[in-house]
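Asker: Have a look at this one before I ask anything.
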Amino acid sequence: DSGVTQTPKHLITATGQRVTLRCSPRSGDLSVYWYQQSLDQGLQFLIHYYNGEERAKGNILERFSAQQFPDLHSELNLSSLELGDSALYFCASSPGDELTEAFFGQGTRLTVV
Amino acid sequence: GQNIDQPTEMTATEGAIVQINCTYQTSGFNGLFWYQQHAGEAPTFLSYNVLDGLEEKGRFSSFLSRSKGYSYLLLKELQMKDSASYLCAVRDQDDKIIFGKGTRLHILP
Numbered sequence: 001d002s003g004v005t006q007t008p009k010h011l012i013t014a015t016g017q018r019v020t021l022r023c024s025p026r027s028g029d030l031s032v033y034w035y036q037q038s039l040d041q042g043l044q045f046l047i048h049y050y051n052g053e054e055r056a057k058g059n060i061l062e063r064f065s066a067q068q069f070p071d072l073h074s075e076l077n078l079s080s081l082e083l084g085d086s087a088l089y090f091c092a093s094s095p096g097d098e099l100t101e102a103f104f105g106q107g108t109r110l111t112v113v
Numbered sequence: 001g002q003n004i005d006q007p008t009e010m011t012a013t014e015g016a017i018v019q020i021n022c023t024y025q026t027s028g029f030n031g032l033f034w035y036q037q038h039a040g041e042a043p044t045f046l047s048y049n050v051l052d053g054l055e056e057k058g059r060f061s062s063f064l065s066r067s068k069g070y071s072y073l074l075l076k077e078l079q080m081k082d083s084a085s086y087l088c089a090v091r092d093q094d095d096k097i098i099f100g101k102g103t104r105l106h107i108l109p
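Order-wise, the sequence lines are chains W and V.
Under our numbering, the first residue of the first sequence carries the number 1, and numbering increases by one thereafter.
Under our numbering, the first residue of the second sequence carries the number 1, and numbering increases by one thereafter.
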């Protein structure tokens with residue numbers, strides 16, 4: 001158990017819908033990173049938050065947004081869902097704002113039908 | 001563009017040594033990471049290199065040459081449980097973390 005909690009573990013939804021994925025970092029960690037992993041694309045960096053502020057953005061679609069709250073948990077919002085958004089979404093956390101050793105949650109498997 | 005290359009698959013024998021290579025072309029460089037990922041599970045951190053040279057951690061070692069844009073992960077005394085995907089990732093100058101597609105390592109008894 002990495003100490004990073006992601007909910008829900010599985011999510012099945014229809015195209016065009018909107019979902020919210022939640023991540024609770026390890027106690028004391030200030031950074032949260034979101035990744036998307038699909039079979040053909042590997043692990044794609046989406047976005048990094050540090051202590052409530054956005055620090056870096058990867059290839060995150062405009063339909064996707066994220067935020068980190070004062071209690072340091074983070075949410076990833078995915079809207080106007082398409083079939084191609086089906087993937088594993090991982091959250092990772094680390095103590096500081098540098099990814100020297102990050103701990104990953106078990107992921108949320110999103111299936112868009 | 002940003003590119004990280006590593007072999008798609010490798011096979012090795014239990015008890016042997018295997019080296020997984022990674023080459024990268026990124027916008028700047030702020031560190032290189034190796035992760036292990038078993039099928040259906042979350043990646044787990046193995047190593048982090050920011051300076052040239054070899055970092056050793058038990059049976060696993062990671063090497064970096066920034067001038068060559070090259071790293072390798074060395075696994076010694078292979079065990080069946082080492083069968084997994086190994087992901088190379090680079091943090092670029094804008095703090096974006098770019099992952100390679102991973103190397104699936106198969107260990108034969």
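Think of the CB as a built atom: it goes at the ideal place given N, C-alpha and C, for glycine as much as any other residue.
Note that the coordinates shown come from a computational prediction; the quantities given were computed from them, not determined experimentally.
What residue range does the beta strand (DSSP E) around R104/V cover?
Answerer: 103-108
Asker: CB A89/V to CB L105/V, shorter than 8 Å?
Answerer: no
Asker: Compute the Euclidean distance between the alpha carbons of F33/V and S47/V, then round it to the nearest angstrom.
Answerer: 6 Å
Asker: Beta carbon of L46/W, beta carbon of I60/W: below 8 Å?
Answerer: The answer is yes: Cβ separation under 8 Å.
Asker: Which residues does DSSP list as the beta-bridge partners of G42/W?
Answerer: S38/W
Asker: By how many angstroms is the C-alpha of L64/V removed from the C-alpha of S71/V?
Answerer: Put simply, the backbone Cα of S71/V is about 4 Å away from that of L64/V.
Asker: Out of T11/V, S27/V, G28/V, which has the shortest C-alpha to C-alpha gap to I20/V?
Answerer: T11/V
Asker: Mind pulling the chain V residues with CB within less than 8 Å of H73/W?
Answerer: Those within 8 Å of H73/W in chain V number zero; the least Cβ separation is about 18 Å.
Asker: Just by C-beta distance, which residues in the segment 58-72 of chain V are closer than 9 Å to chain W?
Answerer: none
Asker: Looking at C-beta atoms only, is the number of pairs between the segment 13-22 of chain W and the segment 64-82 of chain W that lie closer than 8 Å three or more?
Answerer: Yes: at least three Cβ pairs fall under 8 Å.
Asker: The beta strand (DSSP E) that contains E55/V, what's its start and end?
Answerer: 53-57
Asker: In three-state DSSP terms, what is K96/V?
Answerer: Correct three-state label for K96/V: coil.
Asker: Quick one, which residues of the segment 77-89 of chain V are near chain W if we go by CB-CB under 8 Å, in chain order?
Answerer: L87, A89
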